[in-house]
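To convert, take the position in the first sequence, counting from 1, and add 49; that gives this note's numbering.
Notes for the one structure printed next.
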Amino acid sequence: MVIATTRPETLLGDSAVAVHPEDARYTHLVGKFVDLPLCGRRIPIVADDYVDPEFGTGCVKITPAHDFNDYEVGKRHDLEIINILTKQASINDEAPEAYRGLDRFEARKQIVADIEALGLLEKIEPHKLKVPRGDRSGVIIEPYLTHQWYVAVQSLADPAIKAVENGDIEFVPKNWENTYFAWMRNIQDWCISRQLWWGHRIPAWYDEDDKVYVGTDEASVRAAHGLGDDIILRQDEDVLDTWFSSALWTFSTLGWPDETEFFDKFHPTNVLVTGFDIIFFWVARMIMMTLKFTGQIPFKKVYITGLVRDENGQKMSKSKGNILDPIDLIDGISIEDLLAKRTADMMQPQLKQKIEKATKASFPDGIAAYGTDALRFTFYSLASTGRDIKFDLGRTEGYRNFCNKIWNAARYVMMNMEDKSVSDAAHHAPHFSPADRWIISRFEGTAKQIEECMESYRFDIAAQTLQEFVWNEYCDWYVELSKPVLWDDEANPEAAAAARFVLLSILEKSLRLMHPFMPYITEEVWQRIAPLLGITGDSIMLQPFPVPNADNRDEQAEESIEWIKGVIVGIRNIRGEMDISPAKTIKVFLRSDNQADKQRLDEARVFLQKLAKLESIDWLEPGATAPTAATQLHGQLEILVPMAGLIDVAAEQARLDKEIGKLEGGIKAVGGKLGNAKFVDNAPDAVVAKEREKLAEMESAVVALRTKREELAALA
RNA sequence: AGGCGCGUAGCUCAGUUGGUUAGAGCGCUACCUUGACAUGGUAGAGGUCACCAGUUCGAAUCUGGUCGUGCCUACCA
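This is the structure we're talking about:
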């Protein structure tokens with residue numbers, strides 16, 4: 050019979066040849082015996098489904114002691130299990146004398162040579178296969194039979210499955226429950242023996258007849274089994290699986306079973322935060338063990354984070370040398386130090402050059418210092434529901450800049466408080482400007498959103514919401530809107546004081562809102578500004594987290610400021626596209642059929658003048674002739690920047706064409722929808738109404754812009 | 001091989017129960033040192049939402065398939 054093998058040396062441990070039960074070529078041989086070359090052994094021919102008759106010759110050598118599948122075959126056919134390897138993977142004394150003591154690879158060569166010499170070698174051909182290697186050593190692994198300890202796990206798994214099924218324990222995001230169930234429902238008995246030199250030795254002792262005794266220590270074993278000092282006991286060499294010990298963590302750390310004061314108070318805990326790669330190892334086993342020993346679930350929620358990978362999407366690991374130490378992102382590190390760190394104490398020194406090359410490519414100048422808050426904020430921002438987090442230094446840099454922004458905003462606030470003081474909200478409220486009421490309202494919206502994000506564990510959205518509020522609303526608009534009021538302090542001291550109060554109090558509240566996300570800078574700034582509000586306290590950590598209060602919402606103020614922003618952006622757009630220097634003050638005309646626009650102008654005038662750098666703002670009554678101008682629309686409002694000396698007619702035509710083109714695209718899309726009877730009939734009324742409104746707005750805008758375009762054409 | 005994910009702007013990622021002319025940050029282009037901030041400001045460019053088919057008035061979103069990619073588990077005589 051011809052067999053193939055990639056490990057010829059295992060022939061020494063063969064105890065059968067297997068064929069498929071329905072393989073007509075061999076059925077007549079099943080139950081008979083063959084002579085195993087080199088060993089002088091006669092081994093049976095067995096029939097087993099495991100054999101693929103299509104593969105090779107359809108005959109498989111069976112080595113139960115050194116192959117997982119062969120082991121199963123061996124059990125089915127009650128085959129002899131012959132271990133031919135020592136722990137050092139050389140050939141042991143079970144093999145014929147000629148091979149004893151040879152390293153497994155030496156033995157392989159020798160056996161091939163000997164088989165050939167006997168004329169039994171059919172052929173040698175290359176064959177691709179995956180060889181299992183030790184993670185750390187890189188050494189090829191041989192299956193090898195040993196005695197180890199197992200936990201019969203089914204009776205532990207059943208209640209642990211139920212606890213998640215009935216919602217006592219919830220995974221966030223929920224889809225991870227599938228992973229948990231998949232593992233738990235196919236759970237195998239748990240091998241708890243580990244061949245390591247550290248850890249808890251397995252509490253099992255053997256006498257000289259290999260009879261086993263289990264107990265907490267040797268003395269108690271002797272006592273329990275009446276073993277005198279004359280009997281020699283040796284403890285199992287192996288240690289317990291680390292996950293076995295750590296699965297006791299949830300309750301043993303709370304004093305269970307001796308001191309149960311903390312246990313009674315804190316167990317079960319609320320949330321376990323961990324990575325998905327730990328679901329099998331820790332989460333499942335903590336649940337099983339805690340239910341078993343305490344009868345309680347260990348925690349109510351399991352928040353699963355993504356796994357942080359390197360910039361190429363690779364899992365970080367010390368042996369790969371692609372680890373990023375958080376400290377190095379916080380304090381920064383030179384390329385030399387980073388290389389030294391990544392190549393120190395390597396288990397596979399041959400990888401050194403490769404790691405150095407990759408590190409130099411990724412961090413040619415080392416890593417800059419980004420600070421703890423920026424790093425922390427980066428992780429929040431990346432904590433979405435996906436399972437991978439590719440680490441991007443660019444984002445950390447962006448958040449470092451955000452920290453800088455917060456710092457500078459605080460400087461602005463403090464600078465404006467020099468020699469000034471504020472009173473309380475009740476005193477200032479009557480003097481609040483629309484801008485003051487707007488930012489107060491926006492803060493409420495933000496606080497509300499943060500509350501929702503925290504409840505749903507969407508820290509990424511929370512991070513973005515905070516950054517948007519602080520940077521794009523507080524800094525970009527409110528601080529700017531406060532300037533005309535503060536600089537004109539003498540004209541309206543009450544309004545200025547009110548603005549100072551709002552600047553300060555919103556900053557203070559924002560710091561508290563951000564504190565869990567950026568603990569250091571918020572503390573640092575809070576220490577400086579809280580006293581200005583008369584707030585005393587040792588630390589922002591001990592201050593209340595802002596609670597949303599819907600009373601602070603102010604729709605009117607939000608509309609007012611949206612209007613002002615729209616007008617300013619319109620003017621800036623003309624400036625930007627018409628290449629008007631930001632240093633140049635310009636005249637602006639406004640015109641609208643809508644009286645509300647005129648009223649808004651009255652309260653907005655000072656803000657517009659400063660933020661858009663205007664020389665004058667003139668209101669044109671409907672029908673009044675306007676000067677030739679560059680135009681922007683904001684709703685029904687026409688924003689006109691007179692062209693004389695400023696604007697190139699052709700450029701303005703191009704600008705209008707671009708705008709008209711955009712609107713026409715929109716009209717086509719929305720008009721198409723509304724022209725479809727099925728859409729109008731089937732879509733919810735609110736959706737249809739919204740589309741109609743959009744269409745009407747776009748149509749009137751395009752008419753206005755076309756008129757402007759024609760006026761310009763006449764001029765040219 | 002089996003299981004589970006993922007493919008959205010140059011890059012890293014959001015996009016709730018299908019109803020936007022698809023968003024953010026970084027990067028890019030132009031202009032700007034104005035009295036918080038150049039680690040900044042203003043304006044702008046950039047996407048057939050991997051591909052194909054289907055369901056629907058309507059799909060980045062739901063279904064099926066294809067391709068690509070990642071992880072987990074097992075492992076081929």
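Glycine included, every Cβ here is placed at the ideal spot set by N, Cα and C.
Values in this document were obtained by computation on a predicted structure and should not be read as measured data.
- [ ] Could you tell me which of Glu214, Met338 and Phe315 sits nearest to Ser204, measuring between CA atoms?
- [x] Mapped onto the first sequence, residue 204 falls at position 155. Answer by Cα proximity: Met338.
Open item on the list: Please give me, in chain order, every unbroken run of the alpha helix (DSSP H) with length at least 4 that falls completely inside the segment 302–379.
Closed with: 310–315 and 333–343
Task: Beta carbon of Asp163 nearer than 9 Å to that of Leu87 - done: Taking the first sequence and counting its residues from 1, the one referred to as residue 163 is at position 114. Taking the first sequence and counting its residues from 1, the one referred to as residue 87 is at position 38. Closer than 9 Å, so yes.
- [ ] Measure the C-alpha to C-alpha separation of Val690 and Arg704 and round it to an integer number of angstroms.
- [x] Along the first sequence, read from residue 1 onward, the residue named residue 690 stands at position 641. Along the first sequence, read from residue 1 onward, the residue named residue 704 stands at position 655. For Val690 and Arg704, the distance between alpha carbons rounds to 13 Å.
TODO: For Phe518, write down the residues that DSSP places opposite it in a beta bridge.
DONE: Translated into positions along the first sequence, residue 518 becomes position 469. Per DSSP, none; premise fails for Phe518.
Task: Same chain, Cβ closer than 6 Å to Glu405, five either side skipped, listed in chain order - done: Numbered from 1 along the first sequence, position 356 holds the residue referred to as residue 405. So the qualifying residues of the chain are Leu388.
Task: Supposed close pair Leu663, Leu669 - CB separation, criterion 8 Å - done: Here residue 663 refers to the residue found at position 614 when the first sequence is read from its first residue. Here residue 669 refers to the residue found at position 620 when the first sequence is read from its first residue. With 8 Å as the limit, Leu663 and Leu669 do not qualify as a contact, their Cβ atoms being about 15 Å apart.
Open item on the list: I'd like to know whether the C-beta atoms of Leu128 and Ala65 end up nearer to each other than 9 Å.
Closed with: Position 79 of the first sequence, counting from 1, holds the residue named residue 128. Position 16 of the first sequence, counting from 1, holds the residue named residue 65. It is a contact, given that the beta carbons lie within the stated cut-off.
Open item on the list: Using only the alpha-carbon positions, how far apart do Ala484 and Phe518 sit?
Closed with: Locating residue 484 in the first sequence gives position 435, where the first residue counts as 1. Locating residue 518 in the first sequence gives position 469, where the first residue counts as 1. Whole-angstrom Cα-Cα distance: 14 Å.
Task: Rounded straight-line distance, which links the Cα of Trp254 to that of Gly447 - done: Residue 447 sits at position 398 when you count from the first residue of the first sequence. Residue 254 sits at position 205 when you count from the first residue of the first sequence. Roughly 59 Å between the two C-alpha positions.
Task: Closest by C-alpha distance to Phe348, when choosing among Asn319, Ile376 and Met335 - done: For the purposes of this step, residue 348 is identified with residue 299 of the first sequence, where counting begins at 1. Out of Asn319, Ile376 and Met335, Asn319 has the C-alpha closest to the C-alpha of Phe348.
Task: Under 9 Å between C-beta atoms of Gly684 and Glu746 - done: In the first sequence, the residue the question calls residue 684 occupies position 635. In the first sequence, the residue the question calls residue 746 occupies position 697. Going by C-beta atoms, Gly684 is nearer than 9 Å to Glu746.
- [ ] Give me whichever residues DSSP pairs with Phe82 in a beta bridge.
- [x] Position 33 of the first sequence, counted from the first residue, corresponds to residue 82. Note: Phe82 sits in a beta bridge opposite Pro93.
TODO: Can you tell me which of Pro375, Ala96 and Leu581 puts its alpha carbon nearest to the alpha carbon of Ile416?
DONE: The sequence position of residue 416 within the first sequence is 367, counting from 1. Checked all of Pro375, Ala96 and Leu581; the closest Cα to Ile416 is Pro375.
Task: Contact check, Val357 vs Ile455, beta carbons under 9 Å - done: Here residue 357 refers to the residue found at position 308 when the first sequence is read from its first residue. Here residue 455 refers to the residue found at position 406 when the first sequence is read from its first residue. In this structure, Ile455 does not lie closer than 9 Å to Val357 by Cβ.
Task: Member of Ala545, Glu500 and Asn465 whose CA lies at the smallest distance from the CA of Ala478 - done: Indexing the first sequence from 1 puts residue 478 at position 429. Nearest option by C-alpha distance: Ala545.
TODO: Can you check the segment 459–485 for any beta strand (DSSP E) of at least 3 residues that lies completely inside it and give the ranges in chain order?
DONE: none
Open item on the list: What does the Cβ neighbour count give for Gln648, buried or exposed, with the cut at 16 atoms within 10 Å?
Closed with: For the purposes of this step, residue 648 is taken as the residue at position 599 of the first sequence. Label assigned to Gln648: exposed.
Task: Cβ-based burial, Gln244 [other Cβ within 10 Å; buried from 16] - done: The sequence position of residue 244 within the first sequence is 195, counting from 1. Exposed.
Task: Proximal residues to Ile555 (C-beta, below 8 Å), its chain only, five neighbours per side dropped - done: As a working mapping, residue 555 is identified with position 506 in the first sequence. Correct list, in chain order: Ile488, Ile489, Phe492, Tyr523 and Tyr527.
TODO: Could you check what DSSP says for Leu744 in three-state terms: helix, strand or coil?
DONE: By one-based count along the first sequence, residue 744 stands at place 695. DSSP places Leu744 in helix when its eight states are reduced to three.
TODO: For Thr392, I'd like the list of residues in its chain whose CB is within less than 7 Å of its CB, leaving aside the five on either flank, ordered along the chain.
DONE: Locating residue 392 in the first sequence gives position 343, counting from the first residue. The answer, listed in chain order, is Gly370, Lys401, Ile404 and Glu405.
Open item on the list: Can you list, in chain order, the residues of its chain with a C-beta nearer than 7 Å to that of Val322? Leave out the 5 residues immediately preceding and following it.
Closed with: Counting from one through the first sequence, the residue named residue 322 turns up at place 273. Around Val322: Tyr352 and Thr354.
Task: Backbone secondary structure at Ala407 - three-state DSSP - done: Residue numbering aside, residue 407 sits at position 358 when the first sequence is read from its first letter. Residue state, collapsed to three classes: helix.
TODO: Look at the alpha carbon of Val737 and the alpha carbon of Leu712, and state the distance between them as a whole number of angstroms.
DONE: What you label residue 737 is simply residue 688 of the first sequence in a count that begins at 1. What you label residue 712 is simply residue 663 of the first sequence in a count that begins at 1. Looking at the two C-alpha atoms, the distance is approximately 19 Å.
TODO: Take the Cβ of Tyr429 as the centre, count every other Cβ of all protein chains shown within 10 Å, and call the residue buried at 16 or more, exposed below.
DONE: Counted from its first residue, the first sequence places residue 429 at position 380. Result: buried.
TODO: Report yes or no: do three or more beta-carbon pairs, one from the segment 259–269 and one from the segment 293–305, lie closer than 8 Å?
DONE: no
Task: Pro671 vs Asp642 beta-carbon contact at 9 Å - done: By one-based count along the first sequence, residue 671 stands at place 622. By one-based count along the first sequence, residue 642 stands at place 593. Yes. Within cutoff.
- [ ] Report, in whole angstroms, the separation of the C-beta atoms of Ile236 and Ser242, which I expect to be a contact under 8 Å.
- [x] Sequence index remark: in the first sequence, residue 236 carries index 187 (1-based). Sequence index remark: in the first sequence, residue 242 carries index 193 (1-based). No, Ile236 and Ser242 are not in contact; Cβ-Cβ is about 18 Å, not under 8 Å.
Task: Residue interval of the alpha helix (DSSP H) (run including Val122) - done: Indexing the first sequence from 1 puts residue 122 at position 73. Phe117 to His126 is the span of the alpha helix (DSSP H), which, as asked, contains Val122.
TODO: Express the C-alpha separation of Cys452 and Leu562 in angstroms, rounding to a whole number.
DONE: Numbered from its first residue, the first sequence carries residue 562 at position 513. Numbered from its first residue, the first sequence carries residue 452 at position 403. Leu562 and Cys452: Cα-Cα distance of roughly 14 Å.
Task: Backbone CA spacing between Lys211 and Leu289 [nearest angstrom] - done: Translated into the one-based positions of the first sequence, residue 211 becomes position 162. Translated into the one-based positions of the first sequence, residue 289 becomes position 240. Going by the C-alpha atoms only, they are around 27 Å apart.
Open item on the list: Using only CA atoms, which one of His126, Tyr461 and Thr55 lies nearest to Pro175?
Closed with: Position 126 of the first sequence holds residue 175. Comparing Cα positions, the closest option is Thr55.
Task: Residues sharing a beta bridge with Gln284, DSSP - done: Translated into positions along the first sequence, residue 284 becomes position 235. Answer is Trp254, bridged to Gln284.
Open item on the list: Just verifying my parser: in three-state terms, what is the DSSP assignment at Lys780?
Closed with: No answer is possible for residue 780: it lies beyond the span of the chain, which begins at 50 and ends at 765.
- [ ] Give the range of the beta strand (DSSP E) segment to which Ser630 is assigned.
- [x] Walking along the first sequence from the start, residue 630 turns up at place 581. Careful: Ser630 lies outside any beta strand (DSSP E) and carries neither H nor E.
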